[in-house]
Amino acid sequence: MEFLPNLIFAILLFTGIGFFARNISKLKRNIDLGKDVDTSDQTKIRWKNMARIALGQSKMVRRPIAGILHIVVYVGFVVINIEVLEIIIDGLFGTHRIFSGIGSLYGVLIGTFEILAALVFVAVIIFWFRRNVVKIQRFMKSEMKGWPKLDGNLILYFEIVLMGLFIIMNATDVEFQSTNSGNIISQFFAPMFEGYNVHLIERVAWWMHIVGILVFLNYLYYSKHLHILLAFPNTYYGSVKPKGYFNNLEAVTNEVKLMMDPNIDPFATTEEDASIPDKFGASDVQDLNWVQLLNAYTCTECGRCTSECPANQTGKKLSPRKIMMDTRDRLVEVGNNIDTNKGVFVPDGKQLLGDYITNEELWACTSCNACVEACPISIDPLSIILEMRRYLVMEQSAAPMELNTMMSNIENNGAPWPYNQMDRLNWKND
Amino acid sequence: MSDVLKVPTMAEFMATGKQPEVLFWVGCAGSFDDRARKITKAFVRLLNKAKVEFAVLGTEESCTGDPAKRSGNEFLFQMQAVTNIEVLNAYEVKKIVTACPHCFNTLKNEYPSLGGDYAVMHHTQFLKSLLEEGRLSIEGGKFKGKRITFHDPCYLGRANDVYEAPRDLIQKLDAELVEMKNCRKKGLCCGAGGAQMFKDAEKGDKEINIERTEQAMEVTPEIIATGCPFCNTMMTDGVKNKAEGQIEVMDVAELIANANDL
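In order, the protein sequence lines correspond to chains A and B. Going by the working numbering, the first sequence opens with residue 106, and the numbers climb by one from there. Going by the working numbering, the second sequence opens with residue 111, and the numbers climb by one from there.
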């Protein structure tokens, strides 16, 4: 019976991590549903982007208040996790504060954690106020009603509780308090527990803290919060080209070259039709590439993109954040479909286009790249919008009327307006 | 206005066996739109004054395909691109300057992988290089102390990170360059990009160009400068709606040409 707590701890730990690993492999499988795209170029720049944008949070601080608060939470999260290592060792081997053996440095370490925990606590409360009391506009958009709003708040509650438990756990640890080293914050809370069974409270807080961490870890997969992990690969695989560059569809290039080649036999049967895709553009998540799907899972719904979007600012339905959320939600739906059908996707009569994203949203985009620029972790909603426009135009001929007119002008006279190409130089003689 | 413009075509250069220093890609707006034609001519006057040996494709030029691509019509875009590349490569063009950021972006970023590799410059970059080489000078007198704000075209700024060339030119005019609250990387679109120029906006509560014009009006400029024929149209419309007669919308090339009494 002596080893019962260790056993329980080990079971909890491995179940928690195992369940998380299972979900991560599902996530990876879902991302792999996307089309392949070559990201092997410019590795140096890619590493630099990851270091600067994800690790260094360079784009977060463009909005100073949210940016600085976010850095507090981010640094706190990373640093306090060193403490989790100690908790795991203690839990598995029945030790108590195993690292305290390192002497006075331990006090410095725990002191730092305590200060960070307090800062995170404050930052998270400010975040909560921004969402629920100040009601900052970008958190109030229509796509943020219901689950996304609750999700955002739940994450904040998790963090408040975890930080609180960490301080309580330290405040009620009589032995730790007696060393009077590293208890920078918890010393002020210790007197509150005098007269109670502090040993019991300490154990409860300790267990709840580690269980809370494991629950939070597993909550990630079901929430918008995956960015704490995916921001790193996402900034690595993000575009390294100028933002104005839209990819040239290779399948189209092959077709166009065939059409332009005077030596080609038009009646010859082409054997390698493999290069021609079954669909131009995207109507569902499987038509997007895997980086776009990774983008969707990475989005944490901060809404900086939407708040910078000129269409959204002027009351149009388009919200780049909603494009990302829709893509993710549909991808999750497709993934669940595969799970319930033993590894194969059974058509469910739904798709991203129409059932999630409407034509009206897609046609409101000015392709101005404000959303791409605004994203603090290199998500590109514009590429998805373009891919879906391609489907609408090339597969469904469903462009707005005026655009069809514009395109037939280009086809017929080489300009978007109905002017004769032979008049191109007339301006010279105005 | 001034005397006759010298606008040689590539075909004429070819006939004399010479290569021009640079090809001026005029673009559809620059060729056909009444307002944009004035920008084209202002730029040509500057090229003439700086004695730049340039040529245009004239009737051999065709739409780059930008609005087709942004609408989603990749076929039409690539047809246009491949046709244009054939013409450009036949003339062995190496360097292109254009006054349209959409043409600039497409030629610079999307033509290379289709076989068209050129050094492409926006006209504000090109004018700046002419100044630096001492081939062109700017008289500031006319615009001295005038409040000018620069509207960043999306396809010049965010799309290609060109923010300073147009601003450097404006500052050379001894003008007072004032910045809107949304400028450079955060510049608000005029509403024309992504082929929106050619269609009505979706339902909303405001037009984008009105929003942008209002942002410009906040800094009370006498002139809104821009470097894109489509932005020019949108901002001109916005000004007509909100500040008729109080603000002028001008291309940076027009400012420089005006300052030089061209």
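Even for Gly, the Cβ is constructed at its ideal location relative to N, Cα and C. As the structure is a prediction and not an experimental result, all values here were calculated from the model.
- When Cβ pairs closer than 8 Å are counted between the two stretches, the stretch 326-340 of chain B is seen to touch the stretch 279-297 of chain B, the count reaching three or more.
- Annotation for Asp347 (chain B): no beta strand (DSSP E) segment contains it, though the alpha helix (DSSP H) segment containing it runs Pro339 to Lys352.
- Here Val345 (chain A) is not bridged, per DSSP, to any residue.
- Apart from sequence neighbours up to five positions away, the residues of its chain that approach Leu160 (chain A) with a beta-carbon distance below 8 Å are Phe337, ordered along the chain.
- Counting other Cβ atoms within 10 Å of its Cβ, Thr445 (chain A) stays below 16 and is therefore classed as exposed.
- Relative to Met249 (chain A), the option among A:Ile482, A:Leu497, A:Ser483 and A:Ser424 whose CA is nearest is A:Ser424.
- The CB of Pro118 (chain B) never comes closer than 9 Å to any CB in chain A; the least such distance is about 10 Å.
- Around Pro177 (chain B), the beta-carbon contacts reaching into chain A at under 9 Å are Leu508, Met511, Met512, Ile515 and Pro521.
- Ser472 (chain A) counts as buried, since at least 16 other C-beta atoms from the protein chains shown sit within 10 angstroms of its C-beta.
- Between the stretch 253-267 of chain B and the stretch 211-220 of chain B, the count of Cβ pairs shorter than 8 Å is three or higher; the stretches touch.
- DSSP links Ala165 (chain B) through a beta bridge to B:Leu133.
- Chain order gives no chain B residues near Phe263 (chain A), where near means a beta carbon separation below 8 Å; the closest approach is about 33 Å.
- By the rule that beta-carbons nearer than 8 Å mark a contact, Phe308 (chain B) touches chain A.
- Residues of the stretch 326-355 of chain A whose Cβ lies closer than 8 Å to any Cβ of chain B, in chain order: Lys346, Pro347, Lys348, Gly349, Tyr350, Phe351, Asn353 and Leu354.
- Asn400 (chain A) and His233 (chain B) have their C-alpha atoms some 36 Å from each other.
- The count of Cβ pairs closer than 8 Å, one atom from the stretch 388-406 of chain A and one from the stretch 435-444 of chain A, reaches three, so the stretches are in contact.
- Pairing Ser141 (chain B) with Lys533 (chain A), the inter-Cα distance amounts to about 9 Å.
- Taking CB atoms only, Arg157 (chain A) has no neighbour in chain B less than 8 Å away.
- Its Cα nearest to that of Ile260 (chain A), the residue A:Arg236 stands out among A:Pro481, A:Tyr301, A:Met313 and A:Arg236.
- The contact set of Arg147 (chain B) on chain A, defined by CB atoms closer than 7 Å, consists of Trp532 and Asp535 in chain order.
- Put simply, the backbone Cα of Tyr524 (chain A) is about 22 Å away from that of Ala121 (chain B).
- Beta-bridge annotation (DSSP): Lys329 (chain A) is not paired with any residue.
- When B:Lys254, B:Ala209 and B:Lys256 are compared, the shortest CA-CA separation from Leu237 (chain B) is found for B:Ala209.
- A straight-line Cα-Cα distance of about 19 Å links Gly226 (chain B) and Arg180 (chain B).
- Counting along the chain, Ala335 (chain B) sits inside the beta strand (DSSP E) bounded by residues Ile333 to Thr336.
- Taking a C-beta distance under 8 Å as the contact criterion, Arg426 (chain A) and Thr411 (chain A) qualify as a contact pair.
- With contacts defined by Cβ atoms closer than 8 Å, Gly317 (chain A) and Arg495 (chain A) do not form a contacting pair.
- When C-beta atoms of the stretch 167-181 of chain B are compared with those of the stretch 325-340 of chain A, fewer than three pairs fall below 8 Å, so the two segments do not count as touching.
- When beta bridges are read from the DSSP output, Phe260 (chain B) appears opposite B:Ala335.
- Sequence-distant Cβ neighbours of Met231 (chain B) in its own chain, meaning closer than 6 Å and more than five residues away, are Val207.
- The C-beta of Gly459 (chain A) comes no closer than 8 Å to any C-beta of chain B.
- Close partners of Lys422 (chain A) in chain B (Cβ separation under 9 Å): Glu312, Lys313 and Gly314.
- In this structure the stretch 144-162 of chain B lies against the stretch 352-369 of chain B, because at least three pairs of beta carbons, one per stretch, are closer than 8 Å.
- In the DSSP assignment, Leu287 (chain B) falls outside any alpha helix (DSSP H) and lies within the beta strand (DSSP E) extending over Glu286 to Val288.
- When only Cα atoms are considered, Thr144 (chain A) and Pro486 (chain A) end up about 18 Å apart.
- Residues of chain A whose Cβ lies closer than 8 Å to the Cβ of Leu224 (chain B) are, in chain order, Asn353 and Thr358.
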